[in-house]
Amino acid sequence: KAGVTQTPRYLIKTRGQQVTLSCSPISGHRSVSWYQQTPGQGLQFLFEYFSETQRNKGNFPGRFSGRQFSNSRSEMNVSTLELGDSALYLCASSLDTANTEAFFGQGTRLTVV
Amino acid sequence: DAKTTQPPSMDCAEGRAANLPCNHSTISGNEYVYWYRQIHSQGPQYIIHGLKNNETNEMASLIITEDRKSSTLILPHATLRDTAVYYCIVRSRSNDYKLSFGAGTTVTVRA
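Listed in order, the protein sequences are those of chains A and B.
Every number in this note's numbering is 75 more than the matching position in the first sequence, counting from 1.
Every number in this note's numbering is 46 more than the matching position in the second sequence, counting from 1.
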């Protein structure tokens with residue numbers, strides 16, 4: 076079956092702009108989580124969505140937001156981009172129980188200049 | 047969340063078993079041990095998880111000590127493609143949908 080698909084793979088934006096990243100989970104998976112990975116902070120949890128509702132949120136400013144659609148696809152948005160937002164953004168999908176494995180996409184590499 | 051401690055790096059010879067230790071001395075009874083790995087520039091990949099019994103799948107074996115304060119991930123026959131950062135994560139079986147990644151262990155498999 077198809078894996079987790081993230082688009083775009085690479086993105087370059089200017090400070091102050093906003094960006095929207097997309098994630099299509101594995102078919103049948105209803106939970107989608109987002110993570111940010113930077114060399115300094117490692118992998119950090121952003122938020123998790125299930126059935127269009129945000130269930131869990133990490134410690135990120137309000138400029139980071141997300142949503143999930145009825146087909147479980149998810150988007151995350153970062154507004155007023157800062158240089159420090161340059162990172163690999165990873166999406167993971169899993170079934171609707173807490174203790175199943177999460178499957179990650181290849182990520183979107185965002186560079187803010 | 048319970049914390050985990052892993053060595054920052056280790057080397058392994060190709061074809062030999064790789065034993066990756068993880069300490070989780072504050073783990074509680076309802077928390078699982080998960081292992082993921084991340085090959086350079088790719089998303090993390092699930093390897094295995096367990097609660098208290100030893101587990102084995104096609105990728106690896108997970109040995110959890112009886113007191114559950116530590117565990118070892120075993121890659122039985124390491125290949126060059128196993129070079130990656132390996133993360134040991136403790137995760138609650140209740141409403142904990144996030145994975146808390148630490149720094150992991152950078153494993154380098156050498157020919």
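Built from N, CA and C at the ideal position, the CB exists for glycine as well.
Contact list for the stretch 116-137 of chain B against chain A, Cβ threshold 9 Å
For the stretch 116-137 of chain B, the beta-carbon criterion of a distance under 9 Å to any beta-carbon of chain A is satisfied by 133, 137.
Chain A beta carbons: is any one of them nearer than 7 Å to that of residue 144 of chain B?
For the purposes of this step, residue 144 of chain B is taken as the residue at position 98 of the second sequence. Yes, because at least one Cβ of chain A sits closer than 7 Å to the Cβ of residue 144 of chain B.
Residues that residue 80 of chain B bridges to, as DSSP identifies them
Taking the second sequence and counting its residues from 1, one reaches residue 80 of chain B at position 34. DSSP output for residue 80 of chain B lists B:95, B:135 as bridge partner(s).
Run down chain B in chain order and give the residues with a C-beta less than 9 Å from the C-beta of residue 84 of chain A.
The residue given as residue 84 of chain A occupies position 9 in the first sequence. By Cβ distance, chain B contributes nothing, its closest Cβ being about 10 Å from residue 84 of chain A, past 9 Å.
So which of A:139, A:171, A:159 has the shortest CA-CA distance to residue 103 of chain A?
On the first sequence, position 28 is the one that residue 103 of chain A refers to. Nearest to residue 103 of chain A by alpha-carbon distance, out of A:139, A:171, A:159, is A:171.
Could you confirm whether any beta carbon from chain A is found closer than 7 Å to the beta carbon of residue 54 of chain B?
Indexing the second sequence from 1 puts residue 54 of chain B at position 8. By the rule that beta-carbons nearer than 7 Å mark a contact, residue 54 of chain B does not touch chain A.
Under the three-state reduction of DSSP, which class applies to residue 57 of chain B: helix, strand or coil?
If you number the second sequence from 1, residue 57 of chain B lands on position 11. Under the three-state reduction of DSSP output, residue 57 of chain B falls in the strand class.
Identify each residue in the stretch 128-148 of chain A for which the Cβ-Cβ distance to at least one residue of chain B is less than 8 Å, and report them in chain order.
Along the stretch 128-148 of chain A, going in chain order, the ones with a CB nearer than 8 Å to a CB of chain B are 130, 131, 133.
Any idea what DSSP makes of residue 62 of chain B, helix, strand or coil?
The sequence position of residue 62 of chain B within the second sequence is 16, counting from 1. Here residue 62 of chain B sits in coil by DSSP.
Starting from the beta carbon of residue 180 of chain A, find every residue of chain B whose beta carbon is closer than 9 Å, and list them in chain order.
For the purposes of this step, residue 180 of chain A is taken as residue 105 along the first sequence, with counting starting at 1. Within chain B, the residues near residue 180 of chain A are 89.
Taking Cβ-Cβ distances shorter than 7 Å, what residues in chain A pair up with residue 149 of chain B?
Taking the first residue of the second sequence as 1, we reach residue 149 of chain B at position 103. The contacting residues are 117.
Determine whether the beta carbon atoms of residue 69 of chain B and residue 118 of chain B lie at a separation below 7 Å.
Looking up residue 69 of chain B in the second sequence gives position 23. Looking up residue 118 of chain B in the second sequence gives position 72. With contacts defined as CB atoms closer than 7 Å, residue 69 of chain B and residue 118 of chain B fail to qualify as a contacting pair.
According to DSSP, residues forming a beta bridge with residue 67 of chain B
Translated into the one-based positions of the second sequence, residue 67 of chain B becomes position 21. Bridge partners of residue 67 of chain B: B:118.
Just checking: is the beta-carbon of residue 123 of chain A within a distance shorter than 7 Å of some beta-carbon in chain B?
Start at 1 with the first residue of the first sequence, and residue 123 of chain A comes out as number 48. Yes - at least one Cβ of chain B is within 7 Å of the one on residue 123 of chain A.
From the beta carbon of residue 185 of chain A, is the nearest beta carbon of chain B less than 7 Å away?
Numbered from its first residue, the first sequence carries residue 185 of chain A at position 110. Not closer than 7 Å to any Cβ of chain B, the Cβ of residue 185 of chain A fails to qualify, so no.
Do the stretch 88-97 of chain B and the stretch 82-99 of chain A touch if we need at least three Cβ pairs shorter than 8 Å?
Cβ pair count under 8 Å is below three, so no.
Might you give, ordered along the chain, the residues of its own chain that have their beta carbon closer than 6 Å to the beta carbon of residue 115 of chain B, omitting 5 neighbours on each side?
Looking up residue 115 of chain B in the second sequence gives position 69. 71.
Go through its chain and collect everything with a Cβ distance to residue 186 of chain A's Cβ below 6 Å, but skip five positions before and after it.
As a working note, residue 186 of chain A is residue 111 in the first sequence. The residues are 87, 161.
Are the CB atoms of residue 50 of chain B and residue 155 of chain B within a distance shorter than 7 Å?
For the purposes of this step, residue 155 of chain B is taken as residue 109 along the second sequence, with counting starting at 1. For the purposes of this step, residue 50 of chain B is taken as residue 4 along the second sequence, with counting starting at 1. Against a cut-off of 7 Å, the Cβ pair of residue 50 of chain B and residue 155 of chain B comes out as no contact.
Which of the three DSSP states is assigned to residue 117 of chain A in this structure?
Your numbering for residue 117 of chain A matches position 42 in the first sequence. The answer is strand: DSSP assigns residue 117 of chain A an E or B state.
Out of A:150, A:156, A:155, state which residue places its alpha-carbon closest to the alpha-carbon of residue 110 of chain A.
The count along the first sequence starts at 1 and reaches residue 110 of chain A at position 35. When the alpha-carbon of residue 110 of chain A is set against those of A:150, A:156, A:155, the nearest one is in A:150.
Just the C-alpha distance for residue 109 of chain B and residue 154 of chain A, rounded to the nearest angstrom, thanks.
For the purposes of this step, residue 109 of chain B is taken as residue 63 along the second sequence, with counting starting at 1. For the purposes of this step, residue 154 of chain A is taken as residue 79 along the first sequence, with counting starting at 1. Across the structure, residue 109 of chain B and residue 154 of chain A are spaced so that their CA atoms are roughly 44 Å apart.
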